[in-house]
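Residue numbers (our numbering): 288 to 911. Below is one structure; the comments refer to it alone.
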RNA sequence: GAGGUUGUAGCUCAGUCGGUAGAGCAACGGACUUUUAAUCCGUAGGUCUCGGGUUCGAGCCCCGACAGCCUCACCA
């Protein structure tokens with residue numbers, strides 16, 4: 288992590304470094320420790336607001352012409368390129384202050400989103416008599432606009448600068464001419480760096496080449512960026528940097544911001560769908576005395592005042608079911624759960640889970656709900672207010688590769704996507720890209736039983752215990768002493784699940800591997816459970832919930848009996864069993880892994896792409 | 001936790017057989033009032049992740065550590 292090490296000393300001693308920069312450099316810049324300086328640090332007021340220092344500095348730079356503030360470093364002082372880049376920016380920061388401008392800006396009212404400004408292109412009036420002979424562009428009158436954004440590109444051309452600024456709805460070019468903005472603003476513009484946030488007032492017109500442009504009349508400085516940005520076109524490629532510095536990723540990686548916003552739209556849509564069906568959202572405790580509801584290792588923590596060990600929740604289930612007992616008949620929670628387990632492209636220690644319970648429903652009720660939740664989420668994601676940026680790009684003459692960009696609606700300032708018309712629904716389509724492939728989400732999703740799929744993918748009859756055991760041994764599974772259903776489940780996971788590109792509901796699991804599920808009345812060997820598979824990933828899991836308190840207690844006990852000592856922090860949740868004794872209505876229950884759903888809907892191959900801040904090992908002390 | 005792989009300038013990446021460290025972008029100085037990955041001239045920028053070892057000599061070979069990624073295990 289070279290950059291972390293190089294950067295650190297600068298930050299710590301930033302002020303000192305700037306002072307070093309003001310020394311009269313030795314002939315070739317570099318200087319050894321202990322060498323004398325003329326007008327060294329002690330002569331300089333370290334207060335950056337000081338006019339004394341400013342004048343001194345201005346004088347120096349005038350006299351010296353070329354200056355390399357970081358080159359005369361002293362021992363122990365990193366003099367990397369980054370330090371130079373940062374020093375150059377701090378120079379400009381100082382100059383901005385000298386100009387009487389606050390480099391950290393303030394409230395900036397009445398600016399329009401760049402996407403909206405771009406949509407005003409039609410308001411530009413062009414006088415017909417352009418003079419082609421002299422190359423004079425035809426007279427134009429455009430609307431006065433005000434925008435704010437981050438500088439992402441700039442092209443200096445003498446007494447003229449073209450600056451591209453970007454906000455979260457789009458990007459637009461500014462024309463900053465010395466004669467047009469005046470001397471003061473021109474001086475200010477000399478202090479602009481890539482990454483700075485600026486505001487502009489100007490007239491929306493087109494350049495000779497037809498580029499929609501704000502011809503600046505007034506410039507506003509909104510915030511200085513001290514850190515140099517990554518390569519302006521390639522952006523951040525290193526996945527580690529992208530995750531550690533997500534803010535940079537969002538600014539510079541194509542599609543990163545869009546993906547993040549799509550996630551929020553999906554989550555919003557899930558809530559809308561559930562609300563529209565009468566479900567209410569609750570917030571259960573995340574600190575549990577007993578971590579129940581799933582088989583997973585919990586994180587442990589401690590409450591000091593009560594002096595008790597607590598667990599971060601690993602599931603939402605047991606508290607939601609208590610609420611079912613309490614009479615909240617349609618209840619859900621959409622929130623974070625924590626599992627102290629491995630990290631992989633599909634696993635993050637904290638992840639977002641949706642659990643839904645519906646009184647008097649069963650797993651089939653949940654199947655319909657699952658389908659609705661997903662289909663609605665796709666429609667929401669593909670419409671509404673957050674596609675402004677994509678639209679802006681299309682209007683800028685960029686590639687119109689996404690059909691979605693063309694059909695998004697501009698009237699959508701509401702937080703909720705409006706219902707789409709029949710025609711729009713057809714346009715949106717239910718097929719989404721997934722790597723080189725596609726996923727067809729057009730409802731209804733396929734529904735097949737566990738046994739059907741087993742035969743289909745293994746060629747072995749579901750009741751051929753011996754044949755299944757042979758195959759299991761072949762794959763490398765020791766079948767000795769195992770229940771036939773456990774063996775079958777292993778083979779299913781190995782040979783079937785990965786092949787399920789889906790979306791497909793797998794129904795009716797062997798009862799013995801689903802202890803917390805009600806069995807089919809017609810066939811007690813089969814549990815009323817389904818899992819939804821998409822691209823080999825388990826996305827949803829649902830049951831007809833067990834509400835027999837005695838059976839539940841028995842199953843808890845037998846489950847705990849098999850656990851080794853250190854894992855038996857999972858204790859019997861007696862209060863939960865007591866709740867069941869008071870009568871929990873028969874119910875359908877559903878769990879959806881939101882991160883995985885978002886992955887599938889946004890064509891993200893790893894969970895770290897859809898979690899803004901995935902867990903990483905911390906940087907070493909001093910590396911930041 | 002195991003195996004594989006990667007770590008070079010602020011960013012993106014080259015670096016041959018072990019022989020004094022390279023490019024593009026970014027930065028700095030200069031020219032340029034319709035550019036758009038602007039162009040042109042010039043300048044500067046390096047603890048080759050860290051620590052050992054082999055060698056006359058290591059970015060390169062060996063050992064160890066740290067971090068990312070991939071696969072597997074645990075799991076959703």
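Glycine residues also receive a C-beta, built at the ideal position from the N, C-alpha and C atoms. As the structure is a computational prediction, the values presented were derived from the model and not from experiment.
The DSSP-derived three-state label of residue 428 is strand. The three-state secondary structure of residue 830, taken from DSSP, is strand.
Within the DSSP bridge table, the entry for residue 575 names 598 as partners. Taking all protein chains in view, the Cβ of residue 567 is surrounded by fewer than 16 other Cβ atoms within 10 Å, so the residue is classified as exposed. Nearest C-alpha to residue 723 among 576, 822 and 555: 822. Rounded to whole angstroms, residue 659 and residue 827 show a C-alpha spacing of 13 Å. Contact check between the stretch 856-865 and the stretch 504-524: fewer than three CB pairs, one atom from each, fall below 8 Å, which does not count as touching. Taken in chain order, the complete beta strand (DSSP E) segments of 3 or more residues contained in the stretch 788-825 are 791-797 and 813-821. Secondary structure at residue 894: helix, using DSSP grouped into helix, strand and coil. Under the three-pair Cβ rule at 8 Å, the stretch 755-763 counts as touching the stretch 774-791. Proximity to residue 492 across 430, 534 and 621 peaks at 430, based on C-alpha coordinates. Membership of residue 772 in the alpha helix (DSSP H) is indicated by the continuous run 771-778. Under the three-state reduction of DSSP output, residue 640 falls in the strand class. Residue pairing by DSSP places residue 503 opposite 489 in a beta bridge.
In this structure the stretch 431-442 lies against the stretch 470-488, because at least three pairs of beta carbons, one per stretch, are closer than 8 Å. Our two residues, residue 377 and residue 400, have alpha carbons roughly 29 Å apart in a direct line. Within the model, the alpha-carbon separation for residue 601 versus residue 621 is close to 13 Å. Separation of residue 756 and residue 782 (C-alpha to C-alpha, rounded to the nearest whole angstrom) is 13 Å. Remark: fewer than three beta-carbon pairs, one from each stretch, lie closer than 8 Å, so the stretch 574-581 and the stretch 537-554 are not flagged as touching.
Straight-line spacing of the CA atoms in residue 444 and residue 666 works out to 46 Å. DSSP places residue 459 in the uninterrupted beta strand (DSSP E) bounded by 457-464. Per the C-alpha coordinates, the member of 511, 664 and 374 positioned closest to residue 551 is 664. DSSP places residue 474 inside the alpha helix (DSSP H), whose first and last residues are 470-476. Using a C-beta cut-off of 8 Å, the stretch 511-526 makes no contact with the stretch 444-460, since fewer than three inter-stretch Cβ pairs fall below that distance. For residue 720, the enclosing beta strand (DSSP E) has its first and last residue at 718-721.
Under the rule that a run must span 3 or more residues, no beta strand (DSSP E) segment is found entirely inside the stretch 527-561. In the three-state DSSP reduction, residue 590 falls in the strand class (E or B). In terms of Cβ geometry, residue 530 and residue 838 do not form a close pair [threshold 8 Å]. The residue from 872, 447 and 457 with its alpha-carbon nearest to that of residue 469 is 447. Pairing residue 734 with residue 742 gives a Cβ-Cβ distance that is not under 8 Å.
Cα atoms of residue 407 and residue 669: separation of roughly 23 Å, rounded to the nearest angstrom.
Distance from the CA of residue 836 to the CA of residue 888, rounded to the nearest whole angstrom, comes to 39 Å.
Across the set 867, 598 and 562, the C-alpha of 598 shows the shortest separation from the C-alpha of residue 572.
It is roughly 29 Å from the alpha-carbon of residue 894 to the alpha-carbon of residue 651. Secondary structure note for residue 623: its beta strand (DSSP E) is the uninterrupted segment 617-625. Around the beta carbon of residue 402, a 10 Å sphere encloses 16 or more other beta carbons of the protein chains shown; the residue is thus reported as buried.
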